[in-house]
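According to UniProt numbering, the sequence shown is numbered sequentially starting from 1.
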Amino acid sequence: SSLLEERRRAEEATKRAQASESMAKTSEERLVATTRFSNQQAAEADSRTRYLEGRQISEIRRADCRATSSERRAQLCERNSIIVIAELRRYDAKAADRVTSPLRAGAKYAAGVQEANSKTPGTPSTASPQSSTGLSSGVALSPS
Numbered sequence: 001s002s003l004l005e006e007r008r009r010a011e012e013a014t015k016r017a018q019a020s021e022s023m024a025k026t027s028e029e030r031l032v033a034t035t036r037f038s039n040q041q042a043a044e045a046d047s048r049t050r051y052l053e054g055r056q057i058s059e060i061r062r063a064d065c066r067a068t069s070s071e072r073r074a075q076l077c078e079r080n081s082i083i084v085i086a087e088l089r090r091y092d093a094k095a096a097d098r099v100t101s102p103l104r105a106g107a108k109y110a111a112g113v114q115e116a117n118s119k120t121p122g123t124p125s126t127a128s129p130q131s132s133t134g135l136s137s138g139v140a141l142s143p144s
């Protein structure tokens, strides 16, 4: 009878050990699954971060291009104004003085548009700096 009792105790101990091993396996599988999920979430977050950083860089580059373009237009307007005034002075000094003040106003307007564009990237300028002066780049006369 004591032999049967020990055998029963050994079988119970074996069953408890197997149950404990099974629980440990289940816990390990859960841990592996949780780790995989966490790694996947972290990878997705990294991917989203890289995407957003890329978009920010693109926006900054576009804003720089717009500012450069606006600055170039203002420089061309100013250059054309100087050429036109020089040509006018050769023929009629009073007419040149009458034209000078609107041209200065146009240059100030162009500078204002340029400054506004540089302060608010993403807002294209709809106004043309030359429109207030009545000049376009084709009107300028070359000095002879």
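Virtual Cβ for every residue (Gly too), placed ideally from N, Cα, C.
| Asked | Found |
| --- | --- |
| Pairwise C-alpha distance: A95 and C77 | 19 Å |
| Counted within 10 angstroms of its Cβ, other Cβ atoms place E59 as buried (16 or more) or exposed | exposed |
| Reduced DSSP secondary structure (H/G/I, E/B, other) of R9 | helix |
| S118 versus L31, S1 and A67, residue with shortest Cα-Cα distance | A67 |
| Burial state of N39 (16 or more Cβ within 10 Å) | exposed |
| Beta-carbon spacing of A111, A74 below 8 Å | yes |
| Three-state secondary structure assigned by DSSP to S1 | coil |
| Residue ranges of each alpha helix (DSSP H) within the region 16 to 89, 4 or longer | none |
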